[in-house]
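S.K.: Would you mind keeping the following structure in view while I ask a few things?
Protein chains: 2
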Amino acid sequence: MGESGTPRAADGATTLTQSAVAGDRRALARLLTAVENRTSIAEAALRELYPKAGRAHIVGITGPPGSGKSTLVAALIAAAREAGRAVAVVAVDPSSPITGGALLGDRVRMQSYADDRDVFIRSMASRGHAGGLASTTTAAAAVLDASGFDLVLIETVGTGQSEVEVAAAADTTVVLEAPEMGDEVQAIKAGLLEVADLVVVNKGDKPGALRTAAQLRAMLVPTVARGDAPEGRPSPKRPEVLVTTATSGEGVPELLAALDRHRTAARAGEATEPRRARALAQIRAVMADRLADRLREPALTSVADAVIDDVAEHRLDPYAAADRLLQAMADRR
Amino acid sequence: MGESGTPRAADGATTLTQSAVAGDRRALARLLTAVENRTSIAEAALRELYPKAGRAHIVGITGPPGSGKSTLVAALIAAAREAGRAVAVVAVDPSSPITGGALLGDRVRMQSYADDRDVFIRSMASRGHAGGLASTTTAAAAVLDASGFDLVLIETVGTGQSEVEVAAAADTTVVLEAPEMGDEVQAIKAGLLEVADLVVVNKGDKPGALRTAAQLRAMLVPTVARGDAPEGRPSPKRPEVLVTTATSGEGVPELLAALDRHRTAARAGEATEPRRARALAQIRAVMADRLADRLREPALTSVADAVIDDVAEHRLDPYAAADRLLQAMADRR
Chain A
8 MGESGTPRAA
18 DGATTLTQSA
28 VAGDRRALAR
38 LLTAVENRTS
48 IAEAALRELY
58 PKAGRAHIVG
68 ITGPPGSGKS
78 TLVAALIAAA
88 REAGRAVAVV
98 AVDPSSPITG
108 GALLGDRVRM
118 QSYADDRDVF
128 IRSMASRGHA
138 GGLASTTTAA
148 AAVLDASGFD
158 LVLIETVGTG
168 QSEVEVAAAA
178 DTTVVLEAPE
188 MGDEVQAIKA
198 GLLEVADLVV
208 VNKGDKPGAL
218 RTAAQLRAML
228 VPTVARGDAP
238 EGRPSPKRPE
248 VLVTTATSGE
258 GVPELLAALD
268 RHRTAARAGE
278 ATEPRRARAL
288 AQIRAVMADR
298 LADRLREPAL
308 TSVADAVIDD
318 VAEHRLDPYA
328 AADRLLQAMA
338 DRR
Chain B
8 MGESGTPRAA
18 DGATTLTQSA
28 VAGDRRALAR
38 LLTAVENRTS
48 IAEAALRELY
58 PKAGRAHIVG
68 ITGPPGSGKS
78 TLVAALIAAA
88 REAGRAVAVV
98 AVDPSSPITG
108 GALLGDRVRM
118 QSYADDRDVF
128 IRSMASRGHA
138 GGLASTTTAA
148 AAVLDASGFD
158 LVLIETVGTG
168 QSEVEVAAAA
178 DTTVVLEAPE
188 MGDEVQAIKA
198 GLLEVADLVV
208 VNKGDKPGAL
218 RTAAQLRAML
228 VPTVARGDAP
238 EGRPSPKRPE
248 VLVTTATSGE
258 GVPELLAALD
268 RHRTAARAGE
278 ATEPRRARAL
288 AQIRAVMADR
298 LADRLREPAL
308 TSVADAVIDD
318 VAEHRLDPYA
328 AADRLLQAMA
338 DRR
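Just so you know, the protein sequences line up as chains A and B, in that order.
Per the numbering used here, residue 8 is the first one in the first sequence, and the count goes up by one each step.
Per the numbering used here, residue 8 is the first one in the second sequence, and the count goes up by one each step.
The structure is reproduced here in C-alpha cells:
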C-alpha cells in the first residue's frame, strides 16, 4: 500500500490538476470523470489538490421531486454571479432538468452561462459508486473547491438514504419543500428536516406557501431531545424557514444571505461536524477500496470467490466469511 | 476477531432464533430489530440462522412514488395467501402506507392479517444503516427465509441509489410504473429499468395504461450491448411487462405466476448473480463493521481522531489517511 498512485498516474494527474487549477475547464471536467470512476489518476490528483481545498462553501440542496430544486439552483447561480462569486454545481439527480432533464426553461437558462468561466455545472450518476455516493460527491466538491470556486452547490433529489447523506455532509444543507404537498410526504419531510440547516418553501407564488412556511416553523421548534445541549455548548438552533419563488428569483438574494449567515455562525461556533463527517466518509471509502483491491490480488481472488460462493449457497455465514477474508489478507501481508 | 459473538449474546440469540424458527412472531420481530441495529445478538443469530436460509423467493418491488407499490404489495399478499404461501414483507420506504403512512385503505387491509401467522410485515428505516441498507435488508430477508416464509417481498421507493441496490439484490426484481407519468420521470425509469426482471404497469384501470405498457415493451427490446452474451450463455431476456390494477386485484395472480416463472427460469439457468451480489454485500458490510470496531479500540481511537481531523482541515488527503489507519491496524494486530 504505497503513499501514492503509480508514477504514470501521478504524472497524468499533475498535468490535469495544474491545468484545472489554472482554470482549464476541460481539464477540470476530465478530473471529475476520473473522480467519479475512482481511477488511479483521481487518487493522485486528489492527493495533490486536497491541501488546496477547504475554502469553498459547500451547500447541499435537497428536497422531494417537484419542489423546484433545479430552478432554485439556477436562480442561486444567477444571484451568486450577481455578487461576483464563482459557482460550481454537482447535480446528483437522475431527473435533474439542469443535467438534461425535462424543463426546457432551465436548460436554456443554463446555456446562458456557456461562456462564463465562473459557472461550472456537472451531473453525477446517482448509482454505482463503489465507495458510496457521499464520498464521490465529497471528492468532486474538493476538486471544485481547490479549483477556485467560492460556492459549490450539491443538488440531490433527497428521497433516498444516500442523497440525505450527501446533503448532510455539506457545510450548509438546504431542504426544499413545495407548498401544500399533502399528508403523503410528511414522513419524508420529517426525515429530511433532520438534516436541514435552512428550510426553503419554494414556489412562493402558489397558494398555501406562507401557510406551509408557518407550519414548518411550528414543526421546527427546537426540542430538548433534539439538542441534548450540554452546558457550555450553544443550544440547538432552529433552522430558518425562507420562502422563495425560484422562477422569478424572488427571495433568492435573501437565501444567499442566509447561506452566508449560516456559514459565519457555524464557523464562529467551530461547527466541525460536517467537515469531520465528510472526512470520515472519504477515508472509509478509500479503506473499502483498499480492501476490494486486496481481494482482487491473485493470491486472494480464489479464496474470495470460494467464500462468496459459500455464503451465496448458505454454507457459510457472512460473519465467518468476513473474518476468513480479513485473516487471509493479514496472512498474506 | 473471534469466530462468534460474546457467549452471552450467543445464548440470547439462540433463544431468540429457536423461538423465531418455531413460529414466535414476537421473537422474530425482536430478532429483526437486532438485525437492523447490527447488535452482537444479530451476529450470533444470523450465524445460527444462515444455514437454514436459502429456500424463500426474495422479490424486490420498487418504483417511483405514486406508482402504487404498497397497494400492489397488499394485493400480492392476498394472492399468495390464496395460494397457501407464507409471505413476509420488508418495507423500506419512509412514506409507505403499509408501515403507517397515509392511505387508510391499505392500513385497514393490512390489519385484516393481524391474526394470520403466515403474514409478517416489517418496516425498515431507510437511513442510518452503518453497513449499508442493502446488507441490512438482505440480512433481514435471510432471517425471514430461515423462519419459514416462502415469499419475502422487499418494497423500496426506488428513487435513490440504495433502494436500487436493495432491489437488485433480490432473486426477482419487479419495477412498477404508473400509466402516463409524463416526460419528467423517463430518466428515473431508464435507471430503474436496468434492474428489472419484471415490469408492472399498475393502475391498469387508468387511461394510458396499455399505451404505457406498449411503450415499455418497445423500450425493453434487448440490445447486444445489454447482454454481451458470449456463446453458450443464454441471450439476455427481455423483462416481461404486465398490467395490474392493485386496488381491484386484477392482474395480480398473473403477476404471482410470472414471479414463479422468473424464478424457475433463473434457477434453470443457474443465475447465481443475485445470490453472489447479496453475499458480497453482506460480507463487505461485516468487513466494514470489523474495521469500524477496530478504529474504536482504545489503542486506535486517538490515531483515528487525529487523522480524521487532519483530513477535515485539509492537512492530509483521504488516501494517505486511509493508508495510515490501515497500517496502524496492521501494526497493532
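Think of the CB as a built atom: it goes at the ideal place given N, C-alpha and C, for glycine as much as any other residue.
Remember, it's a predicted structure, so these values are computed and weren't measured experimentally.
#1: Would you list the one or two residues that DSSP bridges to G67(A)?
#2: Run down chain A in chain order and give the residues with a C-beta less than 8 Å from the C-beta of D33(B).
#3: Output needed for L56(B): all residues of its chain with C-beta closer than 7 Å, excluding positions within five of it in sequence on either side, in chain order.
#4: From this set, S26(B), L266(B) and I68(B), which residue's C-alpha is nearest V202(B)'s C-alpha?
#5: According to DSSP, is I105(A) part of a helix, a strand, or is it coil?
#6: Using CA coordinates, which residue listed in D316(B), S26(B) and R285(B) is at the minimum distance from T144(B)?
#7: Give me the residue from A95(B), A132(B) and A146(B) with the minimum Cα distance to V126(B).
#8: So A95(B) is in the alpha helix (DSSP H); what residue range does that whole segment cover?
#9: Check whether the Cβ atoms of R124(A) and G30(A) lie closer than 8 Å to each other.
#10: So if I threshold CB-CB distances at 8 Å, which residues from the region 271-290 of chain A count as touching chain B?
#11: What do you reckon, are the CB atoms on I65(A) and A177(A) nearer than 8 Å?
#12: Does the CB of H321(A) have a neighbour CB from chain B at under 8 Å?
#13: Please decide whether E162(B) counts as near chain A, where near means a Cβ-Cβ distance under 8 Å.
#14: From what residue to what residue does the beta strand (DSSP E) around V250(A) run?
#15: Just checking, does the region 288-298 of chain B make contact with the region 259-268 of chain B on the three C-beta pairs under 8 Å criterion?
#16: What separation, rounded to the nearest whole angstrom, lies between the Cα atoms of V248(A) and P71(A)?
#17: Which residues of chain A have a Cβ atom closer than 7 Å to the Cβ of G258(B), listed in chain order?
#18: Does the CB of R54(A) have a neighbour CB from chain B at under 8 Å?
#19: Shorter than 8 Å from the beta carbon of V318(A) to some beta carbon of chain B?
#20: Going by the beta-carbon positions, is the gap between N209(B) and L323(B) smaller than 8 Å?
#21: If we cut at 8 Å on Cβ distances, does D324(B) have a partner in chain A?
#22: Thinking A98(B) and S142(B) are a contact (beta carbons under 8 Å), I'd like their distance in whole angstroms, please.
#23: Could you give the distance in angstroms between the alpha-carbon of S255(B) and the alpha-carbon of A288(B)?
#24: If we call anything under 8 Å between Cβ atoms a contact, is L227(A) one with P246(A)?
#25: Could you spell out where the alpha helix (DSSP H) holding L266(B) opens and where it closes?
#26: For G75(B), does the count of other Cβ atoms within 10 angstroms reach 16, so buried, or fall short, so exposed?
#27: Against chain A, does P58(B) count as a neighbour if the rule is that its beta carbon must be under 8 Å from one of theirs?
#28: Less than 8 Å between CB atoms is the rule here; does E304(A) satisfy it with respect to chain B?
#29: Answer with buried or exposed for P186(B), where buried requires no fewer than 16 other C-beta atoms within 10 angstroms of its C-beta.
#30: Just mark R45(A) as buried or exposed, buried being the case when its beta carbon has 16 or more other beta carbons within 10 Å.
#31: Can you pull the DSSP bridge partners for V206(A)?
#32: Determine the burial state of S309(A): buried for a count of at least 16 other Cβ atoms within 10 Å of its Cβ, exposed for fewer.
#33: Would you give the residue range spanned by the alpha helix (DSSP H) that S154(A) belongs to?
#34: Any idea if P325(B) is buried or exposed, counting beta-carbon neighbours within 10 angstroms, 16 or more meaning buried?
#35: Just mark A51(B) as buried or exposed, buried being the case when its beta carbon has 16 or more other beta carbons within 10 Å.
#36: What separation, rounded to the nearest whole angstrom, lies between the Cα atoms of G211(A) and A34(B)?
M.R.: On the basis of the coordinates in this document:
#1: Per DSSP, I161(A) and T180(A).
#2: What sits at residue 33(B) in the sequence shown is Arg, not Asp. Against chain A, the beta carbon of R33(B) has no neighbour under 8 Å; the closest one sits roughly 24 Å away.
#3: So the qualifying residues of the chain are T24, A149, V150 and A153.
#4: The shortest C-alpha to C-alpha distance from V202(B) to any of S26(B), L266(B) and I68(B) is the one to I68(B).
#5: The pLDDT assigned to I105(A) is 46, lower than 50, so where the model puts this residue is not dependable, and the model offers no usable value.
#6: Considering only alpha carbons, the answer is R285(B).
#7: Ranking A95(B), A132(B) and A146(B) by Cα distance to V126(B) puts A95(B) first.
#8: Counting along the chain, A95(B) falls outside any alpha helix (DSSP H), though it belongs to the beta strand (DSSP E) covering V94 to V99.
#9: Cβ distance < 8 Å, so R124(A) and G30(A) count as in contact.
#10: Within the region 271-290 of chain A, the qualifying residues are T279, R282, R283, R285, A286, L287, Q289 and I290.
#11: In contact: I65(A) and A177(A) (Cβ atoms closer than 8 Å).
#12: The beta carbon of H321(A) falls within 8 Å of a beta carbon belonging to chain B, placing the residue at that interface.
#13: E162(B) does not count as touching chain A.
#14: Note, V250(A): beta strand (DSSP E), E247 to V250.
#15: Touching, no.
#16: Cα to Cα, the separation comes out at about 16 Å.
#17: By Cβ distance, chain A contributes nothing, its closest Cβ being about 24 Å from G258(B), past 7 Å.
#18: Output row for R54(A): interface = yes.
#19: Chain B, which has a Cβ nearer than 8 Å to the Cβ of V318(A), makes this yes.
#20: Cβ atoms of N209(B) and L323(B): not closer than 8 Å.
#21: Using a Cβ-Cβ cut-off of 8 Å, D324(B) counts as an interface residue toward chain A, since at least one Cβ of chain A sits closer than that to its own.
#22: Contact doesn't hold; Cβ gap of about 17 Å is too wide.
#23: When rounded, the distance between both Cα atoms is 37 Å.
#24: Taking 8 Å as the Cβ cut-off, L227(A) and P246(A) qualify as a contacting pair.
#25: Per DSSP, L266(B) belongs to the alpha helix (DSSP H) from V259 to A275.
#26: It is buried - the Cβ of G75(B) has at least 16 other Cβ atoms within 10 Å.
#27: At a cut-off of 8 Å between beta carbons, P58(B) contacts chain A.
#28: Under the Cβ distance rule, E304(A) does not count among the residues neighbouring chain B, no pair being separated by less than 8 Å.
#29: Counting every other CB atom within 10 Å of its CB across the protein chains shown gives P186(B) a total of 16 or more, marking it as buried.
#30: By the 10 Å Cβ count, R45(A) comes out buried.
#31: Residue pairing by DSSP places V206(A) opposite V182(A) and V248(A) in a beta bridge.
#32: That one is exposed.
#33: Per DSSP, S154(A) belongs to no alpha helix (DSSP H) and is neither H nor E.
#34: With 16 or more other Cβ atoms within 10 Å, it is buried.
#35: Here A51(B) is buried: its Cβ has 16 or more other Cβ atoms, across all protein chains shown, within 10 Å.
#36: Their Cα atoms are separated by approximately 50 Å.
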